[in-house]
Amino acid sequence: MEAILKDPSGAVIGLDFDGTLSPIVADPAAARVHPDAPAVLAELGAYVNAVAIVTGRPVATALELGPGLERVPGLVVLGHYGFERWENGRISGPPPPAGVPRVEAELPLLLDSLGLLGVTIEDKGRAVAVHTRRSADPEGALAKLREPMAELAAKHGLVVEPGRLVLELRPPGMDKGHALSLFLAERDARSVLFAGDDLGDLAAFDAVRASELPGVTVCSGSAEVTALADRADIVVDGPDGVVALLRELTSAFSRS
């Protein structure tokens, strides 16, 4: 953290969305960014090299669930683990792979064959996610799904990304770590902070270490996932804690 405080103009601040800037909810479509996050990010962005949200969500969905983010000066949103990018009001990215709609068409039959009730399918454009949070036995349903989902992913040239009571099938070749590494190089970063909450953020934590830059990893803590907390430099209490930490950073910059 010392390098970021001494040289904020060289710092890149990377942030996951769900569970980090937005509280986890039973229905992913009902998620909303922390009400204070857009203002805090706008203040933070005035001091640092760049602020980037790195999420598995499509860019358009992250912006829809994050009212006010589109007005944060200089903000970059890397969606679909980096396959999509939003900057200066424009979205860029390749077309979705053919395997995604094929998987989505087969998933209802798979869920029915396993007798899983309350499990929901989320169309993410370039990926498809299966959530077990609303089932009677979320952990049991997740365990039942792991092997057949892996087989379905392999059949259609996709990979499985595990999360907090969710399994996501997405194209290979990009993850949050790779997306963050490319962004750090692009911005000639001299330090980096990344905050996340879930297993999909481990790759970004690894990228912070591999960058050989002065780096800080932050876990938005929860009782559901402990693997990230074990690897983090700082653990805070959910999105409230993340926003509070970013606000403290901004206050420190303003005093220096």
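Counting from 1, position 88 in the sequence shown corresponds to residue 88 in our numbering; the numbering is continuous, with no gaps. Glycine included, every Cβ here is placed at the ideal spot set by N, Cα and C.
Residue environment, residue i, which counts as buried when at least 16 other CB atoms sit within 10 Å
{"i": "D201", "result": "buried"}
{"i": "D257", "result": "Since the first and last residues shown for the chain are 1 and 256, residue 257 lies out of range."}
{"i": "S9", "result": "exposed"}
{"i": "G89", "result": "exposed"}
{"i": "D197", "result": "buried"}
{"i": "D237", "result": "exposed"}
{"i": "G173", "result": "exposed"}
{"i": "L158", "result": "buried"}
{"i": "S254", "result": "exposed"}
{"i": "V166", "result": "buried"}
{"i": "E168", "result": "buried"}
{"i": "V128", "result": "buried"}
{"i": "D27", "result": "exposed"}
{"i": "A185", "result": "exposed"}
{"i": "P58", "result": "buried"}
{"i": "L114", "result": "exposed"}
{"i": "R170", "result": "buried"}
{"i": "A98", "result": "exposed"}
{"i": "A143", "result": "exposed"}
{"i": "A195", "result": "buried"}
{"i": "E161", "result": "buried"}
{"i": "E212", "result": "exposed"}
{"i": "L145", "result": "buried"}
For residue i, the residue or residues it bridges with in DSSP
{"i": "D206", "result": "Note: D206 sits in no beta bridge, so no partner."}
{"i": "H131", "result": "T120, V166"}
{"i": "I13", "result": "V51, L193"}
{"i": "D18", "result": "S22"}
{"i": "V159", "result": "R170"}
{"i": "S220", "result": "V236"}
{"i": "G215", "result": "V192"}
Contacting residues, own chain, Cβ-Cβ under 6 Å from residue i (five flanking each side not counted)
{"i": "F183", "result": "A52"}
{"i": "C219", "result": "L228, A229, A232, V235"}
{"i": "P214", "result": "A3, S191"}
{"i": "A46", "result": "none"}
{"i": "H131", "result": "T120, V166"}
{"i": "P138", "result": "T132, L165"}
{"i": "R247", "result": "V40"}
{"i": "W86", "result": "V59, V77"}
{"i": "I13", "result": "V48, V51, L193"}
Same chain, Cβ closer than 8 Å to residue i, five either side skipped, listed in chain order
{"i": "D330", "result": "In the structure as shown, the chain begins at 1 and stops at 256. Residue 330 is therefore absent and cannot be evaluated."}
{"i": "L69", "result": "V33, A37, P38, L41, I53, A62, L63, L75, V77"}
{"i": "P239", "result": "G19, T20, L21, S22, P23, H34, A37, S220"}
{"i": "S135", "result": "L116, L117, G118, V119, A141"}
{"i": "L93", "result": "Just to set this straight, residue 93 is Gly in the shown sequence, not Leu. So the qualifying residues of the chain are V59, G79, H80, F83, E84, R85, R126."}
Own chain, CB closer than 7 Å to residue i, minus 5 neighbours either side, in chain order
{"i": "A179", "result": "V54, L78, Y81, G82"}
{"i": "D123", "result": "E104"}
{"i": "R164", "result": "G19, I24, D198, E224, V225"}
{"i": "L110", "result": "P148, L152"}
Would you check if there are 3 or more beta carbon pairs closer than 8 Å linking the region 149-157 to the region 31-44? no
Return the chain-ordered ranges of every beta strand (DSSP E) run that is complete within the region 53-102 and spans a minimum of 3 residues. Within the region 53-102, the runs of beta strand (DSSP E) that reach at least 3 residues and sit entirely inside it are, in chain order, 76-79, 84-87, 90-92.
Within 8 Å, do at least three Cβ pairs link the region 68-82 to the region 43-58? These segments touch.
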